[in-house]
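Going by numbering that gives the first Met the number 0, 328 is the number at position 329 of the sequence shown; the sequence numbering is gapless. Working notes for the structure below.
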Amino acid sequence: MQITLNRKELVRALAPLALLTKDAPEPLRQVRISAYASAAFLKYEASFRVYNGAQELTVSVPTTDAVVPATAAPIALDVKELFKFARSASESPLVTIRGDGTVVSGALIVKLPTFPLADLPELPFAASKAGARSATIDLEAIRRVAHAMSQDYVREDLHGVCVECDADGVVHTVATDGHRLAVVRATAPTSPYHLLIPYDAVLAILSAPATEAHASWNDDYLSLHTATYHLITRLSDAKFPPWRKVVPAAYDRAPILLPRKALVAVLKSMSKAKRGAIFSAGDGNTSITCEELGVTGSVVAPWTGQAVGVNPRYLREAIEDLVGDTVTLELGGNALAPLALREGKYTAVVMPVTL
């Protein structure tokens, strides 16, 4: 086999594959590369597949070849080494991969070891299995809430994104780490379902150049398809917590309106804070003080509520998913009430901190 690909497209394809296998044992840190003719696009494509024991991801990339021999046999290479080479070969726009493991880009040539193809198993998922369900999953909604996922793998119930459809056909895409929560609401003509997509699977599918994915699943596995991505992941047995209890109803007091860009700039300067920052009134503006870092900032808008402590990174990440110029910040009647931000179908909740 010999295929030639656009280097930047190859790098984009390999990034989620390398991410999925970075902590896998050595036999699973390989990528299987196949070349085939794509009748749908009237061109030749290469597929790159990895398997880490819990997820299997295949990414398709168009080749620049006019012809790929029908007898071209697949090969398996170290995904980390191939990714590293593709990223470093910035002087040429193309990368050629040969069947013996030789990889060429301009004047750069490297010979990577090949692996036996039998060493890379497949997850035993079949969409046709009795009882399998299907639906269209909004990837943009997952992207908007992913910042609130727990990164603690021990908290399996929070270590991912929950997508659920209720009896009224309302789909909620939710993530929380126990300190903040983000949810996107939408409607879909489908029967009720509940999915908890694992953390690593979320990170892998987020790089797909698509706004939605076709999903099919059974009791054990979930399959997500886009035009160029196919992800299969084991489903968790963990139960996502009753998140609706965390989202406050509309508070009685008027919300505080703050300029989004100015607020994000101040919060970025405090991103390394581990304890938090205090929002309070100051000379007709909103004063934001992080005593831990010795940083004080302000935005030109009045703060009309009581002083409240908040994690600046959590609040910034919630605000960055807004699209308007103004942040509408809802505060409860005391310093321990959750802070809420709502914009259209998006709601974010950030728990206050005591300073």
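Yeah, the Cβ is synthetic: ideal placement off N, Cα and C, and Gly gets one too. Source: prediction; values computed, not measured.
Residue i versus the options, residue with shortest Cα-Cα distance
i	options	result
residue 7	80, 75, 73 and 87	87
residue 107	94, 116, 119 and 100	94
residue 117	91, 151 and 49	49
residue 9	51, 239, 103 and 193	103
residue 243	172, 290 and 221	172
residue 167	151, 4 and 190	190
residue 310	343, 331 and 263	263
residue 319	259, 83, 179 and 336	259
Contact check, residue i vs residue j, beta carbons under 7 Å
i	j	result
residue 287	residue 307	no
residue 235	residue 195	yes
residue 203	residue 19	yes
residue 283	residue 254	no
residue 131	residue 174	no
residue 57	residue 229	yes
residue 238	residue 151	no
residue 231	residue 55	yes
One or two residues paired with residue i in a DSSP bridge
i	result
residue 329	339
residue 136	212
residue 296	287
residue 2	96
residue 345	183 and 342
residue 276	309
residue 77	29
residue 163	171 and 193
Secondary structure of residue i, DSSP reduced to three states
i	result
residue 20	helix
residue 198	helix
residue 142	helix
residue 110	strand
residue 253	coil
residue 234	coil
residue 174	strand
residue 240	coil
residue 203	helix
residue 316	helix
residue 129	For residue 129, the predicted model reports a pLDDT of 46, less than 50, meaning its position is unreliable; a value from the coordinates is still stated below. Residue 129 falls in the coil class under three-state DSSP.
residue 55	strand
residue 44	strand
Minimum Cβ-Cβ distance from residue i to chain C less than 7 Å
i	result
residue 96	Considering every chain present, this structure includes no chain C. It has just one protein chain.
*Is the stretch 175-186 touching the stretch 133-140 in the sense that three or more CB pairs, one from each, lie closer than 8 Å?*
Contact between the stretch 133-140 and the stretch 175-186 is present, because at least three Cβ pairs lie under 8 Å.
*Are at least three pairs of beta-carbons, each pair with one atom in the stretch 78-92 and one in the stretch 20-30, less than 8 Å apart?*
With a cut-off of 8 Å on Cβ pairs, the stretch 78-92 is in contact with the stretch 20-30, counting three or more such pairs.
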